Structures are given as structure tokens and as C-alpha cells.
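A short write-up of the structure that comes next.
In the numbering used here, the protein residues as written are 26 to 401.
Next up, the structure:
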């Protein structure tokens, strides 16, 4: 019997962090209940180890996030052992304390953390999902878009493409147009959506905090007739008392959490009994390191979690969370990720299966093909 102890892997330091930002025009005017936009900016981080292996991470944030990575985070990561991600994560959290952790700083930190986890998996020649430890092979997704700027024909085409084309059995549209000043049109669009997708598919709505408390209750009661099972941010996610009041009044699930930038934010939301399902965004919350902690916190309180946006950033970590409900197949981010990366996933059938495209997250940056969108 061989009694020799295995030789530990040598330290492989992170050599460089390359950072770039890209702004991509939308394919049509877009708006939700509280905001309108015509571009989306992605900040890409590439972490390179001493042996040339490269991991990639990204966030959807202003170009200022790229500056923060370069100026404040990269010096902390260069020369750091690529295998010791929690230590690097702690250093970065401390470094942004005075700059303010929530917001751009947390987005920047998240992109670096994602790149470090991808790098570690590639160094070990493992799919990221294998490195983290899978809880499931199939990760459910839901189609998400349905912007308030869409006319009925555009909305129908998008929803039909998901439900009847790709056989994704759950979809979400935006409501709360004009800060809740167009409720009749909101309800008409929901009725139209139900007609398009049929009675079997799940229908969700997202108000992006556009309604006040009583208004949200009245709208939620009207949504019952269209079998809406998910009411996202009926009031502002900052109004935990209001979310709890709406949640207690309605039969559909009330959800929020996409603007959770650190673990204490999720602790407050869960402790307030504000939601039925906790949304977590790995590109905002602090990366995979913090996503796993937030998901465990939700599980300890008997709650499921749903991944917000950036589906290819979430695929691997979502597969490793026992209390996952689904991942958002968000139109803008799917479009950008399909443009920027080779190896993207196929949601046909309503699920994605990470880990089948090689080590790490299985993606490769297209390089010169996306240079026209580069802004930093």
C-alpha cells in the first residue's frame, strides 16, 4: 500500500488582470417601470496566471467599474495564489470599504471574483460546476424581457419564441409603466401575454419598484385572473416593510434581491420576511464567493433563490445550489453574451446544462469581433 502523502500543488500566482468595457446598443428601445435605456455596458475581467491560463468574469455596470478594478483591486490580486480565492475576496472587500461597497464597487469586485473562480477551474482542468460541486445537472431558466416599450406584436413574438420556439415553460414581462401611472395598459399587456403563451406556461411580472404599497396590492389581486405566480419588486426593494405587506396580502410569490450588493443586505431582506424567493445577482453581490453564502443564508430560512440576469455567469454556480428555483434568461444579457463569447448554452426545453464545454465556465472571449463596442 502506498502511504506517501500527495504532493501539494505549487503556488500559481495571478500574473495580471486585464480589464475592458464594452457598450452595446439595444436591438430596440427598452424600458421598465422606472427606467429607460438604449445601451448596455459590460465590464470584462481576464485573470491570467503565471503559466498563461486565463479565467474570465464580467459584470453589467458603468465603465467606472473597470477603472475601479484597475486602480484598487488589481494590485491586491496580482501575485496572489490563484487557488486562494476567499483570501483575495476578503482583501477586495476591505479595499472598497471607504469607496462604498454597494453599487459600482461591488460590481467590480464581482467581476474579479468570477474571473478568479474560472481561472482556478481551468488551472485544475475542471468544469467550474465540478470544482464547486453540482447539486443538479439541469438548471431551469425563464425567458425575461417584455419591456414596456414593446408594442403587442413585438411582445408576442418574443414570448412565443421562448414558449413555442425554445419550449421554455416560464416567462416574465415588465409592468409598472411610467412609475405606475399606466395600470390599465399594464393589465392589458399581462392579458395579452397570457393569450400568447397559453394556459400551461408560467407567467411572471416585474414592476421594478414602480408601484406604491396599496397600488401594488390592487394590481396583484388583478393579476390572479391571469395566473401570474411571480410579482417581482412590486414596491421598491428598499421598502422591506412594504414588500412584507404586499407579500402577506397576495397569493402570488413576491420577490426581490437583485440589488443586493453584500451579505448583510440579504440578511436584512430575509429577516424582514419580505420575499418568497430571494433573487441574487452574481455580477453584483460579490461574485461566486458571496452568491454561495447568500444562497445558504436563504436555505437556512426555508427560501429558494433565483439568479438575476447574466445567465452564463450564473450557470455553474446555480447548478451547485440546492435551493435554486431558476436562472433568468434575460434578453439583453443573452444577446451580449452570445456576441461576446464562444461556447454559450442552449436553453431549449427550459434548462441549461453547464459543464459540457470544457474547463472553467466553458466560454471563450471572441476578441477582435467585439472591439467595435469597446469604450475602455
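Idealized CB from N, CA, C, for every residue including glycine.
Predicted, not measured: the structure shown is a model, and the values here were computed from it.
Between the CA atoms of residue j and residue i - distance to the nearest angstrom
i: residue 170; j: residue 199; result: 7 Å
i: residue 226; j: residue 196; result: 8 Å
i: residue 32; j: residue 149; result: Any reading at residue 32 needs caution, since the residue's pLDDT is 42, under 50, leaving its predicted position unreliable; the model's value is listed next. Distance between the alpha carbons of residue 32 and residue 149: 15 Å.
i: residue 250; j: residue 239; result: 19 Å
i: residue 237; j: residue 259; result: 8 Å
i: residue 146; j: residue 297; result: 37 Å
i: residue 26; j: residue 70; result: The pLDDT assigned to residue 26 is 45, lower than 50, so where the model puts this residue is not dependable; a value taken from the coordinates is nonetheless given after this. Residue 26 and residue 70: Cα-Cα distance of roughly 46 Å.
i: residue 110; j: residue 257; result: 33 Å
i: residue 15; j: residue 401; result: The first residue shown for the chain is 26 and the last is 401, placing residue 15 beyond what the model contains.
i: residue 242; j: residue 312; result: 34 Å
i: residue 395; j: residue 361; result: 10 Å
i: residue 252; j: residue 289; result: 33 Å
i: residue 80; j: residue 374; result: 29 Å
i: residue 265; j: residue 36; result: 45 Å
i: residue 90; j: residue 331; result: 24 Å
i: residue 214; j: residue 106; result: 52 Å
i: residue 175; j: residue 54; result: 8 Å
i: residue 321; j: residue 314; result: 11 Å
i: residue 30; j: residue 108; result: With a pLDDT of only 46 at residue 30, under 50, the local geometry of the prediction cannot be trusted, and the value read off the model is given with reservation. If you take the alpha carbons of residue 30 and residue 108, they lie about 20 Å apart.
i: residue 122; j: residue 399; result: 29 Å
i: residue 48; j: residue 269; result: 37 Å
i: residue 391; j: residue 382; result: 15 Å
i: residue 345; j: residue 158; result: 6 Å
i: residue 208; j: residue 231; result: 13 Å
i: residue 19; j: residue 285; result: The structure shown does not extend to residue 19, since the chain spans only 26 to 401, so no value can be given for it.
i: residue 377; j: residue 162; result: 9 Å
i: residue 274; j: residue 193; result: 29 Å
i: residue 372; j: residue 334; result: 14 Å
i: residue 340; j: residue 386; result: 8 Å
i: residue 124; j: residue 97; result: 10 Å
i: residue 363; j: residue 112; result: 32 Å
i: residue 63; j: residue 87; result: 14 Å
i: residue 188; j: residue 355; result: 14 Å
i: residue 302; j: residue 95; result: 35 Å
From the options, residue whose alpha carbon lies closest to that of residue i
i: residue 186; options: 298, 72, 351 and 167; result: 167
i: residue 183; options: 367, 262 and 357; result: 357
i: residue 160; options: 397, 276 and 317; result: 317
i: residue 133; options: 165, 177, 107 and 310; result: 310
i: residue 72; options: 50, 45 and 61; result: 45
i: residue 380; options: 398, 342, 374 and 189; result: 342
i: residue 38; options: 269, 319, 144 and 365; result: 144
i: residue 263; options: 234, 387, 254 and 273; result: 234
i: residue 131; options: 322, 118, 142 and 140; result: 118
i: residue 366; options: 345, 378 and 336; result: 336
i: residue 58; options: 86, 188, 270 and 205; result: 205
i: residue 271; options: 123, 383 and 244; result: 244
i: residue 7; options: 218, 333 and 376; result: Since the displayed the chain opens at 26 and closes at 401, residue 7 lies outside it and no answer follows.
i: residue 304; options: 355, 254, 371 and 282; result: 282
i: residue 203; options: 60, 355 and 384; result: 60
i: residue 165; options: 114, 384 and 347; result: 347
i: residue 84; options: 302, 384, 306 and 114; result: 306
i: residue 370; options: 191, 210, 397 and 267; result: 191
i: residue 308; options: 129, 261 and 216; result: 129
Within 8 Å, strictly: CB atoms of residue i and residue j
i: residue 74; j: residue 42; result: no
i: residue 137; j: residue 77; result: no
i: residue 151; j: residue 142; result: no
i: residue 319; j: residue 139; result: no
i: residue 51; j: residue 65; result: yes
i: residue 201; j: residue 229; result: no
i: residue 126; j: residue 287; result: yes
i: residue 247; j: residue 212; result: yes
i: residue 368; j: residue 389; result: yes
i: residue 172; j: residue 292; result: no
Residues that DSSP places opposite residue i in a beta bridge
i: residue 351; result: 331
i: residue 85; result: 67
i: residue 167; result: 353
i: residue 302; result: 280 and 329
i: residue 403; result: Here the chain has residues from 26 to 401 only, and residue 403 is not among them.
i: residue 194; result: In DSSP, residue 194 forms no bridge with anything.
i: residue 255; result: 229 and 278
i: residue 50; result: 64
i: residue 199; result: 231
i: residue 56; result: 61
i: residue 79; result: 73
i: residue 147; result: Residue 147 is not bridged to any residue.
i: residue 152; result: 385
i: residue 367; result: 389
i: residue 106; result: 38
Interface flag, residue i vs chain C, CB-CB below 8 Å
i: residue 307; result: The structure shown contains no chain C, having only a single protein chain.
Practice task
Could you say if the region 101-121 and the region 344-352 meet the contact criterion of at least three C-beta pairs nearer than 8 Å?
Solution key: no
Practice task
Report yes or no: do the region 275-284 and the region 209-225 share at least 3 C-beta pairs separated by less than 8 Å?
Solution key: no
Exercise for the section: Take every Cβ of the region 319-334, pair it with every Cβ of the region 289-306, and state whether three or more of those distances are shorter than 8 Å. Expected result: yes
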